[in-house]
Amino acid sequence: MPRENKEEEEEQKARTAYDLIRMRLDRLQKNIEKPVSIPQRRDSRKPRPPPDFVRNVVGSSAAAGSAEFHIFRNNRKREMDRQRYKEKMKLLKNKKKRKEVAEESDDGDPGTSEEDGSSDEQPNKNENTAGENERKSSENVSETGKRSNEAVEPTQTPLSENSPEHSTKEESENSENIT
Numbered sequence: 010m011p012r013e014n015k016e017e018e019e020e021q022k023a024r025t026a027y028d029l030i031r032m033r034l035d036r037l038q039k040n041i042e043k044p045v046s047i048p049q050r051r052d053s054r055k056p057r058p059p060p061d062f063v064r065n066v067v068g069s070s071a072a073a074g075s076a077e078f079h080i081f082r083n084n085r086k087r088e089m090d091r092q093r094y095k096e097k098m099k100l101l102k103n104k105k106k107r108k109e110v111a112e113e114s115d116d117g118d119p120g121t122s123e124e125d126g127s128s129d130e131q132p133n134k135n136e137n138t139a140g141e142n143e144r145k146s147s148e149n150v151s152e153t154g155k156r157s158n159e160a161v162e163p164t165q166t167p168l169s170e171n172s173p174e175h176s177t178k179e180e181s182e183n184s185e186n187i188t
């Protein structure tokens with residue numbers, strides 16, 4: 010019997026994937042110089058672009074709504090998968106950029122040390138939101154000025170001629186005669 014048949018028979022006797030992998034690894038350890046092809050890991054499958062919505066699939070009106078719902082549900086699932094994939098790729102791309110920037114800053118600026126706590130990789134959240142905090146505080150001040158119980162002098166407007174406090178007796182008598 011040729012040697013390869015023996016290996017195939019051993020692999021067929023394996024009851025689980027664990028046993029099969031263990032047999033192959035044992036064979037590799039016995040003959041270290043033997044070249045082995047290691048398969049490259051395939052990239053994750055890229056989702057297809059969203060399809061057009063299919064309408065009027067089923068002839069009867071009762072089944073048409075149900076069929077359209079199932080088609081919609083599947084299309085929505087594919088679209089959500091596609092969106093997740095795009096988001097994942099975007100995050101990976103941003104992560105790579107941040108890593109490159111961090112490596113460049115480490116290589117290009119030997120004078121800075123991590124002991125003083127300054128780091129270009131993660132900017133201080135307080136620095137990023139300083140402008141926002143100032144804007145919010147100015148809004149709060151203006152709002153609190155309106156709502157506060159401070160003694161604010163009311164503005165006095167001159168009485169107009171049409172106001173009831175300014176009317177005279179003659180005008181009131183004339184208005185009574187008219188009605």
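Numbering (my numbering) for the sequence shown: 10 to 188. We put the beta carbon where it would ideally sit given N, CA and C, even for glycine.
Cβ atoms of residue j and residue i: under 8 angstroms apart, would you say?
i     : j     : result
Pro60 : Arg91 : no
Glu20 : Met32 : yes
Lys55 : Tyr27 : no
So what's residue i in DSSP terms, helix, strand or just coil?
i      : result
Glu42  : coil
Lys15  : helix
Ala26  : helix
Gly154 : Since pLDDT at Gly154 reaches only 48, below the 50 mark, its modelled position is unreliable, and the value read off the structure follows with that caveat. Residue state, collapsed to three classes: helix.
Glu136 : Legend: pLDDT at Glu136 = 49, less than 50; position of this residue unreliable, value from coordinates given subsequently. In the structure shown, Glu136 sits in a helix (DSSP, three-state: H, G or I).
Ser75  : helix
Arg51  : coil
Asp115 : helix
Asp61  : coil
I believe residue i touches residue j by the beta-carbon criterion, under 8 angstroms. Please report the beta-carbon distance rounded to the nearest angstrom.
i      : j     : result
Leu189 : Val45 : The requested residue 189 does not occur in the structure, where the chain is confined to residues 10 to 188.
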